[in-house]
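What follows is a short report on a single structure.
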Amino acid sequence: MRRTTTVWMTGGLGLIAAGVLGMLRDNLVGSAGAPVIAAAAEILAAAALLLFAIGTSRESSVVARRPLGVIALVVLALWPFATQFIGRLLSPSEPIGDLAWSVFGVASVLVPAAAGFIAAVQIARADTVPSPWNRAPLWVFGLHVVAWVVPQLLFAAVGADDIQGLAGLFLTLGKLAYLAGTLGLGIVAVLLANRRRTTTVPVFQSASTDRD
């Protein structure tokens, strides 16, 4: 149980740090330090997801080390780096450049969405995260869906000429979804880790008292 507490506390703090750096990055767009902050946020988030996926034992893994859940979280963690690598490989000057970019654009939406949904379902089905918090990733996934679907619907309803006036709404939805997936889930993980620690200590104290 102590291992679980350490894993969840460390992973939660990593997600919280990623969320804070993400907010700082948004406020420093165009500055020299923005790329460094963005990279640090992605690395922290990826490390936290990998830690949650594998843990130090089955009990500390939020997906109980079930292969499907582990794979989904690994894909979710590494996908931002994969997109950067693939983006550098694609050349728009080649004959197949437009098609490759189109496929890449679709994949950049579908792959993280599928991985996020599978991971959220696996966390909800695993027996490691207590209810109702095992469904928190599903809530976050739903918020991400809203943040993506609403702009598409409004674009279709309003049209390209008037859509610029709603840019602030779209940015706000995107930020809320990002913060829910980093800062929000990080806080939940830290609180759960702290609750496990406070419930573990009396058990050991009671056992020590009985021996005396």
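Note that the sequence shown covers residues 1 to 212 in full-length UniProt numbering.
A virtual CB, placed ideally from N, CA and C, is assigned to each residue, including glycine.
Check, Outcome
"Beta carbon proximity, Asp-127 to chain D, threshold 8 Å", "The question asks about chain D, but that chain is absent: this structure has only one protein chain."
"Nearest to Val-70 (by Cα), restricted to the options Ala-119, Leu-28, Val-158, Ser-131", "Ala-119"
"Cutoff 8 Å; reference Pro-202; Cβ partners in own chain excluding five residues on either side", "Interpretation of Pro-202 is limited by its pLDDT of 46, a score under 50 that renders its predicted location unreliable; no figure is taken from the coordinates."
"Residue from Thr-172, Ala-18, Leu-50, Leu-51 with nearest C-alpha to Val-36", "Ala-18"
"Sub-8 Å separation of Val-75 and Ala-46 beta-carbons", "no"
"Close Cβ partners of Val-188 (< 8 Å) along its chain, the five nearest in sequence each way excluded", "Gly-12, Trp-133, Ala-136"
"Start-end ranges of the alpha helix (DSSP H) lying completely within the segment 26-102, minimum 4 residues", "34-54, 67-89"
"Where Leu-110 falls, given that 16 or more other Cβ within 10 Å makes a residue buried", "exposed"
"For Ala-126, three-class secondary structure by DSSP", "coil"
"Nearest-angstrom beta carbon gap, Val-63 and Leu-73 [assumed within contact, 8 Å]", "7 Å"
"Cα-Cα separation between Ala-48 and Ala-167, rounded to whole angstroms", "31 Å"
"For Leu-99 and Val-140, believed in contact at Cβ under 8 Å, the rounded distance", "Incorrect: roughly 33 Å between the Cβ atoms, too far for contact."
"Val-7 and Thr-56 closer than 8 Å at C-beta", "yes"
"Which of helix, strand or coil DSSP assigns to Ala-17", "helix"
"Closest by C-alpha distance to Gly-87, when choosing among Ser-108, Ala-77, Pro-67, Leu-143", "Ser-108"
"Buried versus exposed call for Asp-210 [16 or more other C-beta atoms within 10 Å across all chains shown]", "Summary for Asp-210: the model assigns pLDDT 47, below 50, so the residue's position carries little reliability; its value from the coordinates is reported in the next sentence. Its Cβ having fewer than 16 others within 10 Å, Asp-210 is exposed."
"Nearest to Gln-152 (by Cα), restricted to the options Leu-138, Gly-174, Val-29", "Gly-174"
"Cβ neighbour criterion (16 or more within 10 Å) applied to Leu-15", "buried"
"For Ala-41 and Leu-21, believed in contact at Cβ under 8 Å, the rounded distance", "4 Å"
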